[in-house]
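Chains as they are written, first to last, in the working numbering: chain W, 368 to 575; chain Y, 1452 to 1878.
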């Protein structure tokens, strides 16, 4: 790859990454923010490609664009009132402080690193090398990750499992919905959630 | 290989056995005088334009083929008014769709609403890049081609979600949610089915897998029939085709995620769906049926014609399942994926790993070992299918346990009454 094409690709992808990342901060709508996040992640994948790390680039698209952003969309859709304007929360200052710390650390590391060290030929057959180091040097973290994911899977099943007690309560609810009073049905379909009400009140106070 | 060697010897642009010749001549000509980045750009453009030029007309014909074949399955005539045998029906449809008014709901999220019909083309076209039409005939022979296929096809669902969400329509949102749920679930058996091939052949390049099948004189559907079945079903679920098209089930949710898209915008979704079906058929043919190779026939017939013939056969199978099977419910699809396909393909990954390790470490003769393994795997597959058939008859699978709702988890009506009385007492 000649230096012209390389530079063009780098600046286009960098603009895409940084532009997408800034739009995440600017956009108020959470769904828009996730879509800008996808653009930013695609830019990062492209940057990996310009570094001849094609395995990492493809995995970046597979995991971050194809899976994690979709899960984020799912989480947003299933969260009540996720679209509320939360620019006035009291967590604004701590978040800003954390971001400043992370930015400072990143800039410091970037300035401190000897970037000349990476001027060498790209590794051939990276997938094989990564696989080998995963099951040799880094086998313990790899196994810990596997156990963690299995635990998460079991936890999800335990949450969604329907045991006899749940079944009894559900049958009761169905019965109440079928022949209960209008108040009972309203209680069931729109149950009073004390904590959420308090939260919404705080949001209104902050917004006014 | 002699047929291919002959093609290299001839090497003229009119030698249609190897479509590479033309692009190679052009790049060599450019390399004589131009900078090297120009030749790589021109090769990329040539490959993509060639693929586009083939897909466009093919899609028009496929619309007719699909409607005609399904009509035969359902004992009707299908389109037979416009042109000879109704061949011009897709053209008439396309003209009608282009002339139609393009409506957008007033409450739609305008930018996100306009993007999906365009964006949906991107993954659909990118996938063609790694498909090998011959020994060296793919636009980009990545050595992570299998992962590339999975990554790119996984991004398509994001576009469907954008379409469904931005329409601001409950049916569209339902369709989008179903599409996302199906895609997340069926990606797992799809990845596992391909993992068996990757583990056994030891390569992640699509062309490498075809070359492995050629070298060992075996096609993967014989070695790993269960992976082939799982991949076929998972692909038809990812493609939203009828046994699994719950994300656009017209009897339940109008048209799913493209309910609000009218005119040619709907036409684009429809075209991409057909194009994806075609490319996935080509990949099924490549992974499990040997791709451009067919026991020596590739020395006499151009490799890409062999691939197209196999693709057509798989495509016919997809139309067949679409025309004859009824639509499944979403809980049936989910339980089939997580309780049948995922465990079965996971077991076959382990089987493939064991067999591969035995082949490598014991140094067995592959001409004897591979047929034995094929017989064992076919027996295992038959056992798994029969086990599933027995399980499917059981009450547990026909009426699966429902998941716990939050309101049941927090104690149902009794708890709600208590909370309400507390809240009322507080006021």
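For glycine and all other residues, C-beta sits at the position ideal for the given N, C-alpha and C.
What does residue i reach in chain Y if we use C-beta pairs closer than 8 Å?
i: residue 591 of chain W; result: Because chain W is modelled from 368 through 575, residue 591 of chain W falls outside the range shown and cannot be assessed.
i: residue 546 of chain W; result: What residue 546 of chain W touches in chain Y: nothing, since even the nearest Cβ is about 12 Å away.
i: residue 422 of chain W; result: 1595 and 1598
i: residue 406 of chain W; result: Those do not exist, as residue 406 of chain W stays about 11 Å from chain Y at its closest Cβ, beyond 8 Å.
i: residue 502 of chain W; result: Result: empty, since nearest Cβ-Cβ is about 12 Å, beyond 8 Å.
If you follow the alpha helix (DSSP H) that residue i is part of, which residue opens it and which one closes it?
i: residue 1557 of chain Y; result: No alpha helix (DSSP H) holds residue 1557 of chain Y; DSSP gives it neither H nor E.
i: residue 1828 of chain Y; result: 1817–1843
i: residue 1767 of chain Y; result: 1754–1775
i: residue 499 of chain W; result: 493–502
i: residue 1629 of chain Y; result: 1621–1652
i: residue 1704 of chain Y; result: 1701–1704
i: residue 408 of chain W; result: 397–417
i: residue 321 of chain W; result: Residue 321 of chain W lies beyond the residue range present for chain W, which begins at 368 and ends at 575; the question has no answer from this structure.
i: residue 1527 of chain Y; result: Note, residue 1527 of chain Y: premise wrong, no alpha helix (DSSP H); not H, not E.
i: residue 1785 of chain Y; result: 1781–1786
i: residue 1567 of chain Y; result: 1567–1570
i: residue 436 of chain W; result: 436–445
Smallest Cα separation from residue i: which of the options?
i: residue 1616 of chain Y; options: Y:1710, Y:1671 and Y:1648; result: Y:1710
i: residue 1739 of chain Y; options: Y:1652, Y:1479 and Y:1834; result: Y:1652
i: residue 1764 of chain Y; options: Y:1788, Y:1729, Y:1544 and Y:1582; result: Y:1729
i: residue 1473 of chain Y; options: Y:1523, Y:1493 and Y:1630; result: Y:1493
i: residue 442 of chain W; options: Y:1631, Y:1840 and Y:1872; result: Y:1631
i: residue 1781 of chain Y; options: Y:1613, Y:1600, Y:1578 and Y:1691; result: Y:1691
i: residue 1427 of chain Y; options: Y:1519, Y:1477 and Y:1713; result: Residue 1427 of chain Y lies beyond the range of chain Y shown here (1452 to 1878); nothing can be said about it.
i: residue 1537 of chain Y; options: Y:1554, Y:1525, Y:1517 and Y:1551; result: Y:1517
i: residue 434 of chain W; options: Y:1752, Y:1510 and Y:1604; result: Y:1604
i: residue 1489 of chain Y; options: W:371, W:469 and W:497; result: W:371
i: residue 1727 of chain Y; options: Y:1742, Y:1762, Y:1752 and Y:1705; result: Y:1762
i: residue 420 of chain W; options: Y:1870, Y:1723, Y:1775 and Y:1593; result: Y:1593
i: residue 1704 of chain Y; options: Y:1747, Y:1621, Y:1486 and Y:1476; result: Y:1621
i: residue 397 of chain W; options: W:383, W:406, W:439 and W:416; result: W:439
i: residue 1752 of chain Y; options: Y:1584, Y:1798, Y:1841 and Y:1562; result: Y:1584
i: residue 1601 of chain Y; options: Y:1561, Y:1655, Y:1611 and Y:1559; result: Y:1655
i: residue 1685 of chain Y; options: Y:1732, Y:1701 and Y:1660; result: Y:1732
i: residue 1576 of chain Y; options: Y:1626, Y:1504 and Y:1559; result: Y:1504
i: residue 1783 of chain Y; options: Y:1843, Y:1742 and Y:1737; result: Y:1843
i: residue 1734 of chain Y; options: Y:1866, Y:1496, Y:1578 and Y:1560; result: Y:1578
Run through chain Y and tell me which residues come within less than 9 Å of residue i, C-beta to C-beta.
i: residue 494 of chain W; result: 1594, 1595, 1598 and 1655
i: residue 371 of chain W; result: 1486 and 1488
Residue i touches chain W at which residues, Cβ-Cβ below 8 Å?
i: residue 1612 of chain Y; result: 437 and 440
i: residue 1602 of chain Y; result: 425, 426, 428, 429, 432 and 433
i: residue 1631 of chain Y; result: 437, 440 and 441
i: residue 1837 of chain Y; result: None at all; the shortest Cβ gap to chain W is about 27 Å.
Is the beta carbon of residue j closer than 7 Å to that of residue i?
i: residue 1662 of chain Y; j: residue 1817 of chain Y; result: no
i: residue 1674 of chain Y; j: residue 1825 of chain Y; result: yes
i: residue 1513 of chain Y; j: residue 1725 of chain Y; result: yes
i: residue 1658 of chain Y; j: residue 1556 of chain Y; result: no
i: residue 1754 of chain Y; j: residue 1689 of chain Y; result: no
i: residue 1597 of chain Y; j: residue 1589 of chain Y; result: no
i: residue 1567 of chain Y; j: residue 1628 of chain Y; result: no
i: residue 380 of chain W; j: residue 410 of chain W; result: yes
i: residue 466 of chain W; j: residue 431 of chain W; result: no
i: residue 1574 of chain Y; j: residue 1606 of chain Y; result: yes
i: residue 1554 of chain Y; j: residue 1715 of chain Y; result: no
i: residue 1708 of chain Y; j: residue 1623 of chain Y; result: yes
i: residue 422 of chain W; j: residue 499 of chain W; result: no
i: residue 1669 of chain Y; j: residue 1833 of chain Y; result: no
i: residue 1486 of chain Y; j: residue 1515 of chain Y; result: no
i: residue 1650 of chain Y; j: residue 1522 of chain Y; result: no
i: residue 391 of chain W; j: residue 403 of chain W; result: yes
i: residue 501 of chain W; j: residue 509 of chain W; result: yes
i: residue 1839 of chain Y; j: residue 1647 of chain Y; result: no
Report the neighbours of residue i on chain W: residues whose CB is nearer than 7 Å to its CB, in chain order.
i: residue 1606 of chain Y; result: 428, 432 and 433
i: residue 1635 of chain Y; result: 437
i: residue 1744 of chain Y; result: Chain W residues near residue 1744 of chain Y: none, gap ~24 Å exceeds 7 Å.
Find the residues of chain W that neighbour residue i, judging by a C-beta separation of less than 9 Å, and give them in chain order.
i: residue 1697 of chain Y; result: Here the premise fails: no neighbours, minimum Cβ distance about 17 Å.
Below 6 Å, is the gap between the Cβ of residue i and the nearest heavy atom of the ligand FAD?
i: residue 520 of chain W; result: The model on display carries no ligand, and the ligand FAD is accordingly not part of it.
Which chain Y residues sit within Cβ distance under 7 Å of residue i?
i: residue 391 of chain W; result: Near residue 391 of chain W there are no residues of chain Y at all, since even the closest Cβ is about 15 Å away, more than 7 Å.
i: residue 398 of chain W; result: 1616
Exercise. Quick one: any contact between the stretch 1628–1645 of chain Y and the stretch 1789–1798 of chain Y, if contact means 3 or more CB pairs under 8 Å?
Worked result: yes
Problem set entry | Inter-stretch contact at 8 Å, needing at least 3 Cβ pairs: the stretch 1518–1531 of chain Y / the stretch 1695–1704 of chain Y | At 8 Å Cβ cutoff, the stretches do not touch.
For this session: Decide yes or no for the touch test of the stretch 426–440 of chain W against the stretch 461–470 of chain W: beta carbon pairs closer than 8 Å, at least 3 of them.
Result: Touching, no.
For this session: Would you check if there are 3 or more beta carbon pairs closer than 8 Å linking the stretch 1569–1581 of chain Y to the stretch 1535–1554 of chain Y?
Result: no
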